[in-house]
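**Q** To start, I am sharing the structure in question, which I have written as structure tokens.
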Amino acid sequence: MNTIKNRPEDMVEEMIEGYIRSNCDLLEKVEGVKAIRIKNTAPRVMVIAGGGAGCEPMYIGYAGERMADAIVSGNIYAAPSATALLKTIRQMYHEDGVLMITGNYIGDVLNYELAVELCGYEGIKARAVFVKDDILHAPKENQENRRGIAGIMCVIKAAAGAAACGLTLEEVEQAAIRARDQIGSVSVTFWPGYRPETGMPMYEMPAGTVEIGMGFNGEPGILKMQMPTADQLAEKILDYLIADMNLTGGDEVLLLVNGKGATSNMELSIISNSLHQYLSHKEITVFKTEVGNFFTAPGMGGISVTLMKLDPHLKKYYNLDSYTPMYTYRAKV
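Going by our numbering, the first residue of the sequence shown is number 83, and it counts up by one from there.
What follows is the structure, given as structure tokens:
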């Protein structure tokens, strides 16, 4: 697989520079680190997110209006350093504090926790929330070990909405935790993606099979099967989510249908239709549906499905107009 690049070691920095050049009315570079920030932030709690590059639009695509105020990138599939996080916070901090959000991966957890500690030494109020929405990565009784996937975006949006409403750092943190704890995702892989630096497949899969629960880097899932129909796949995915999240008739959810990078818009719309039909059969109300590429790997075939159980607080914070160059949300009225 051919990939567009100059030197592999420069890909992340050049991606950031190109993205800012294309969106310089909204975004600017954070000096000295692989990070971007929005211009002209208001005095309020800042929301910062970040993680390894290579999963775009996660994370770089989520800096914008009523989304993250800054994004800090690591190298490809590698966590940003605590130093990079601290330097970013220093350049945009004010007394209302900062909430950092990332996925529940060991490198990210270690570096974000260290960044919170370093902020404390400098008198900076900082908290971190780790998203763990992949319900098939670990059993419910061991959910602290679950990893974060597309649901990370939902937590960023909910936290940013809370911050835009003028809440305190503690209240914004609680909004992010509330969102995190009401989210579940199931991932299904059709074929592997490739490494951006080399164009080589990330792993191998038998032709004609799909794997439910496989990680984006090829971590083993829980079930291999022949490709089912859209209705069969939707039922299988939602049965996992409904059971794990204890959803019942009358509950209201946000539905996020994520393409993993190479799944067509036609296919995403078809599976969205099947998901809606099965949720209706279960008498679960869909408040809003988002369909697109939110958390990807280059060339990967597959989908993930995320549900967030809504309550009045989460609905208020989430259902606000948001805009980034890679993501738009129009509030439902």
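Idealized CB from N, CA, C, for every residue including glycine.
What is the rounded straight-line gap between the Cα of H358 and the Cα of V368?
**A** Approximately 8 Å, taken between the alpha carbons.
**Q** Do A117 and I86 have their C-beta atoms closer together than 9 Å?
**A** No.
**Q** Go to G143, then tell me how far its beta strand (DSSP E) extends in each direction, as first and last residue.
**A** From DSSP, G143 is part of no beta strand (DSSP E); its letter is neither H nor E.
**Q** Which full runs of the alpha helix (DSSP H) of 4+ residues lie inside the region 300-337, going along the chain?
**A** Runs found: 312-327.
**Q** Out of I188, G132, G133 and I366, point me to the one whose CA is closest to T330's CA.
**A** Nearest C-alpha to T330: I366.
**Q** The alpha helix (DSSP H) with Y360 in it runs from where to where?
**A** From DSSP, the alpha helix (DSSP H) with Y360 extends over N347 to H363.
**Q** Near R126, what residues of its chain come up, given a Cβ to Cβ distance below 8 Å and the 5 sequence neighbours on each side ignored?
**A** For R126, where only same-chain residues beyond five positions count, the Cβ hits under 8 Å are D178, A245, A246 and G248.
**Q** In three-state DSSP terms, what is A161?
**A** Note: A161 maps to coil in three-state DSSP.
**Q** Taking Cβ to Cβ, would you say I319 is nearer than 9 Å to T345?
**A** The answer is no: Cβ separation not under 9 Å.
**Q** Could you give the first and the last residue of the continuous alpha helix (DSSP H) run that contains V94?
**A** Segment M93 to S104, the alpha helix (DSSP H) holding V94.
**Q** When DSSP builds the beta bridges, which residues end up paired with N340?
**A** DSSP output for N340 lists G374 and S386 as bridge partner(s).
**Q** Quick one: using the 10 Å Cβ neighbour count with 16 as the cut-off for buried, is E255 buried or exposed?
**A** Label assigned to E255: buried.
**Q** If I follow the unbroken beta strand (DSSP E) through L181, where does it start and stop?
**A** Taken as a continuous stretch (DSSP letters only), the beta strand (DSSP E) holding L181 covers V180 to G185.
**Q** Do F212 and G185 have their C-beta atoms within less than 9 Å of each other?
**A** Yes.
**Q** How would you label E286, buried or exposed, when you count the other beta carbons within 10 angstroms and need 16 or more for buried?
**A** Classification of E286: exposed, given that the 10 Å Cβ count is below 16.
**Q** Whole angstroms are fine: how far does the CA of K342 sit from the CA of V336?
**A** Reading off the sequence shown, one finds Leu at residue 336, where the question assumed Val. Using only the alpha carbons, I get a separation of about 19 Å.
**Q** Tell me the residue span of the beta strand (DSSP E) that contains G134.
**A** Residues M128 to A135.
**Q** Within a Cβ cutoff of 6 Å, which residues of the same chain sit near F376, ignoring the five residues on either side of it in sequence?
**A** So the qualifying residues of the chain are A232, M235 and N340.
**Q** Does the contact criterion of 3 or more C-beta pairs under 8 Å hold for the region 257-277 versus the region 402-414?
**A** Output reads no: the region 402-414 does not touch the region 257-277.
**Q** Between which two residues does the beta strand (DSSP E) holding Y194 run?
**A** Run containing Y194: none in the beta strand (DSSP E); it sits in the alpha helix (DSSP H), I188 to Y203.
**Q** In the DSSP assignment, the beta strand (DSSP E) including V237 goes from what residue to what residue?
**A** Counting along the chain, V237 falls outside any beta strand (DSSP E), though it belongs to the alpha helix (DSSP H) covering G233 to A246.
**Q** For R455, which residues in the same chain have their Cβ closer than 7 Å to its Cβ, ignoring the five residues on either side in sequence?
**A** This structure gives no information on residue 455, because the portion of the chain shown stretches from 83 to 415.
**Q** How far does the beta strand (DSSP E) with E293 in it reach, from first residue to last?
**A** Element bounds for E293: T291 to I294.
**Q** Can you tell me the Cβ-Cβ gap for R119 and V129, rounded? I've got them flagged as a contact below 8 Å.
**A** In fact, because the Cβ distance is near 11 Å, the residues do not count as touching under 8 Å.
**Q** Please confirm if the region 194-205 is in contact with the region 168-182, defined as three or more CB-CB distances below 8 Å between the two stretches.
**A** With a cut-off of 8 Å, the region 168-182 and the region 194-205 count as touching, because enough Cβ pairs lie within range.
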